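What follows is one structure encoded as structure tokens, with my remarks underneath.
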Amino acid sequence: MWVEIGSLFVLVLVYAVLRDRRPRNCPPGPSEIPFIGNMPFFDEKTAAELRKKYGDIFMHRTGPYRTVYLFDYHTAKEVMSRPEMSDRPSYFATFSLDDQKQGGLVSSNGVHWQHDRRFVLRNLRNLGMGKSYLDEAINIEAKALVEDLKKYGGEAINYPDSFRTVALNIIWQMVASTRYDLDSKEVDAISRLTQQFRESSSALSALPTFFPALNRLPKSVKNYLFQSDLAGKFIDEMKRVVMEAVDKHLEDYDPDNLRDLIDEYIKDMKASEGDEKSFFRKGALCQIVNDLFGAGSDTVHSMMKWVAYLLARYPEYATRMQQQIDAVVPRDRMVSLDDKPSLCLVEAFTTEALRFSSMVVANVQRSASKDTNINGYFIPKGTVVTVANYSIHHDPRYWDDPHKFYPERFLDDSATKYTAPKQAFFAFGSGRRQCVGELLARMELFLFTAAIIQHFDVRPPPGVDISSKDITTVLGLRLPYEYKLVYKPRE
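Here is the structure:
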């Protein structure tokens, strides 16, 4: 009897292992441990090693999720434009503030995603995104940034918190009619939790996302192994900020005085009360607000760290840009968007900063909503697909001397006109889920960069050498080392 039971167990195990194997004609990739796969990775070096071994398309598995990585620009651009590649992986919903886990911009799918994206795009445009009158609002923050940097008197400081706050204030005024002080305790708390989470995170921290069963472990064990308490504190703080903003708007909502995106959403939510099929829900609104807060507070903030680092590392470009600005803009006036055509090197500098930094190593993941194929390879429904941004941005097939910081690549032959990248540029994503705030982010990056260049010489402290080797990658985000830099006011 025991022999029969043992044989049956072996047969069931063999059957399960065979069913768990990578399907036929999928892209090549590392050997998989049955039911487990391999440790996740988020850095550009591991990606490059796997690409060298398996080619421009390979498959990597962690837990139940198989991810296909794309390293060729033309393939990636075509795949990202497909309707069946518009979804996010199911694990994205884990971090949603929506009680139904369906709303928002980043983690939602299908018709709910299309609805929320259209709403946000329409209202951000109505509120000024991409329009010249937003120039003044950004310059108010740029002036605040300049004054904040001046107060340090040329002392060496870490990347200032004002990098985060000035960027957040632009989108947050459009979303919630709120402007934070540069030393806001709320923004500082979120910044501190974000920093702690990144400093303590590793591939190990991501395992509960790929193996949900690990969430059943005792809290003390999860916190020790995966730093789950830091992630939880960050999510709780974001939830508090978002809910406070939404609840306040619900309390003092005035249909005759719509102030911002939240008010516009509440208007549509009230108009559709009683309609069980309506996508306008408080939970969805909270996730939309959360997505916009995160994009506004983190993305431009991180790029401003890169701008400061690159200005300090390549002072010759800073000098040339200062000369260009001084020839066009009086010192007592801030650079405006109207000046952009005359400041081609500044725009080229910011574009090259986006390419060179490749701050997000890989595009935000997509998920195949049905069986499909990529370059002849079978891609089963549910497969995660992501574009290797860093590799494409540094691919010699598309960029001359790709590891060199060279803003001139975005100038014409006479070096008097900016030329936008025509290919192999994924800083804001591509296809159907391209970043909704790209226009706003570009405006902010240009004006904040110009403000720093116009008013300061950014340098490392005497005797400190900064180099491209001092770049850290944590959970897919590349950032320069936390150098102390000197922001010396120009005379």
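With mature numbering (1 follows the signal peptide of the UniProt record, and there is no 0) as the guide, the letters of the sequence shown map in order to residues -16 to -1, 1 to 475.
Ideal Cβ positions, reconstructed from N, Cα and C, are used throughout, including at glycine.
All values reported here derive from a predicted model rather than from experimental measurement.
Whole-number beta carbon distance between L201 and L191, since they are thought to touch under 8 Å: Position 207 of the sequence shown, counted from the first residue, corresponds to residue 191. Position 217 of the sequence shown, counted from the first residue, corresponds to residue 201. Incorrect: roughly 11 Å between the Cβ atoms, too far for contact.
Per DSSP, cross-strand counterpart(s) of V291: Translated into the one-based positions of the sequence shown, residue 291 becomes position 307. Answer is none; V291 lacks a bridge partner.
Cβ neighbour criterion (16 or more within 10 Å) applied to V312: Sequence index remark: in the sequence shown, residue 312 carries index 328 (1-based). V312 comes out exposed.
Close beta carbons around S161, own chain, < 6 Å, minus the five adjacent residues each side: For this step, residue 161 is matched to residue 177 along the sequence shown. Counting only Cβ-Cβ distances below 6 Å, and skipping sequence neighbours, we find R243, D244.
Residues sharing a beta bridge with N357, DSSP: Numbered from 1 along the sequence shown, position 373 holds the residue referred to as residue 357. BP columns for N357 point to F362.
Start-end ranges of the alpha helix (DSSP H) lying completely within the segment 333 to 414, minimum 4 residues: 373 to 377
CB-CB length for G88 against D275, believed under 8 Å: On the sequence shown, position 104 is the one that residue 88 refers to. On the sequence shown, position 291 is the one that residue 275 refers to. Correct: roughly 5 Å between the Cβ atoms.
Boundaries of the alpha helix (DSSP H) in which M43 is found, first to last residue: To locate residue 43, count along the sequence shown from 1; it is residue 59. Note, M43: premise wrong, no alpha helix (DSSP H); beta strand (DSSP E) at 41 to 46.
Boundaries (first-last residue) of the beta strand (DSSP E) holding F440: Position 456 of the sequence shown, counted from the start, is the residue given in the question as residue 440. 440 to 443 is the extent of the beta strand (DSSP E) around F440.
Integer Cβ distance of A352 from T367, believed to fall under 8 Å: Taking the sequence shown and counting its residues from 1, one reaches residue 352 at position 368. Taking the sequence shown and counting its residues from 1, one reaches residue 367 at position 383. With 8 Å as the limit, A352 and T367 qualify as a contact, their Cβ atoms being about 5 Å apart.
Beta bridge counterpart(s) of Y471 as assigned by DSSP: Along the sequence shown, read from residue 1 onward, the residue named residue 471 stands at position 487. Y471 is bridged to V442.
contact_flag[the segment 244 to 256, the segment 136 to 148] where n(CB pairs < 8 Å) is 3 or more: no
Among F389, E228, F362, S375, nearest to L295 - alpha-carbon criterion: The residue given as residue 295 occupies position 311 in the sequence shown. Out of F389, E228, F362, S375, F389 has the C-alpha closest to the C-alpha of L295.
Close beta carbons around P405, own chain, < 8 Å, minus the five adjacent residues each side: Position 421 of the sequence shown, counted from the first residue, corresponds to residue 405. Contacts found: T335, R339, F394.
One or two residues paired with Y301 in a DSSP bridge: Start at 1 with the first residue of the sequence shown, and residue 301 comes out as number 317. DSSP lists no partner for Y301.
Between the CA atoms of P314 and V420 - distance to the nearest angstrom: Locating residue 420 in the sequence shown gives position 436, where the first residue counts as 1. Locating residue 314 in the sequence shown gives position 330, where the first residue counts as 1. So the alpha carbons of these two residues sit roughly 34 Å apart.
Close-in-space but distant-in-sequence residues of the same chain around A77 (CB under 7 Å, 5 per side omitted): For the purposes of this step, residue 77 is taken as residue 93 along the sequence shown, with counting starting at 1. Closer than 7 Å at the Cβ level, and outside the excluded window around A77, lie K85, S91.
Integer Cβ distance of R462 from M343, believed to fall under 8 Å: By 1-based counting over the sequence shown, the position of residue 462 is 478. By 1-based counting over the sequence shown, the position of residue 343 is 359. Contact flag correct, Cβ pair sits at about 5 Å.
Per-residue burial, P73 [other beta carbons within 10 Å of its own, 16 or more giving buried]: For the purposes of this step, residue 73 is identified with residue 89 of the sequence shown, where counting begins at 1. It counts as buried.
Inter-residue Cα distance where the pair is E260 and G21: For the purposes of this step, residue 260 is taken as the residue at position 276 of the sequence shown. For the purposes of this step, residue 21 is taken as the residue at position 37 of the sequence shown. C-alpha separation (whole angstroms): 41 Å.
Presumed contact (8 Å Cβ cut-off) between I450 and Y467, rounded CB distance: Within the sequence shown, residue 450 is the residue found at index 466, counting from 1. Within the sequence shown, residue 467 is the residue found at index 483, counting from 1. Rounded, the Cβ-Cβ distance is 6 Å, consistent with contact.
Cross-strand partners of A140 (DSSP beta bridge): Looking up residue 140 in the sequence shown gives position 156. According to DSSP, which records beta bridges pairwise, A140 is partnered with V470.
Cβ contact check for the segment 40 to 60 and the segment 2 to 19: 3 or more pairs under 8 Å: yes
Contacting residues, own chain, Cβ-Cβ under 8 Å from M222 (five flanking each side not counted): Along the sequence shown, read from residue 1 onward, the residue named residue 222 stands at position 238. Counting only Cβ-Cβ distances below 8 Å, and skipping sequence neighbours, we find L81, I174, N274, F277, G278.
Given R5 as reference, the closest of V448, G280, Y49, A268 once Cα atoms are compared: Sequence index remark: in the sequence shown, residue 5 carries index 21 (1-based). Closest option to R5, Cα to Cα, is Y49.
Classification of Y465 by the beta-carbon crowding that lies within 10 angstroms, buried from 16 upward: If you number the sequence shown from 1, residue 465 lands on position 481. By the 10 Å Cβ count, Y465 comes out exposed.
Contact set for N347: own chain, Cβ-Cβ below 7 Å, skip 5 residues either direction: Locating residue 347 in the sequence shown gives position 363, where the first residue counts as 1. Only T370, V371, N373, F410, G413 meet the Cβ criterion.
V458 (DSSP reduced to helix, strand or coil): Here residue 458 corresponds to residue number 474 of the sequence shown, with the count starting at 1. In the structure shown, V458 sits in a strand (DSSP, three-state: E or B).
For P7, the nearest candidate out of F264, K365, S398 (CA to CA): Position 23 of the sequence shown, counted from the first residue, corresponds to residue 7. Checking every option, the nearest Cα to that of P7 belongs to K365.
DSSP three-state assignment for Y49, whether helix, strand or coil: Taking the first residue of the sequence shown as 1, we reach residue 49 at position 65. Y49 falls in the strand class under three-state DSSP.
Integer-rounded CB distance, given that V291 should sit under 8 Å from A434: On the sequence shown, residue 434 is found 450 positions in, with the first residue counted as 1. On the sequence shown, residue 291 is found 307 positions in, with the first residue counted as 1. 10 Å between Cβ atoms; not a contact.
Whole-Å CB distance - K324 paired with F430, under 8 Å assumed: What you label residue 324 is simply residue 340 of the sequence shown in a count that begins at 1. What you label residue 430 is simply residue 446 of the sequence shown in a count that begins at 1. So it is a contact: roughly 7 Å between Cβ atoms.
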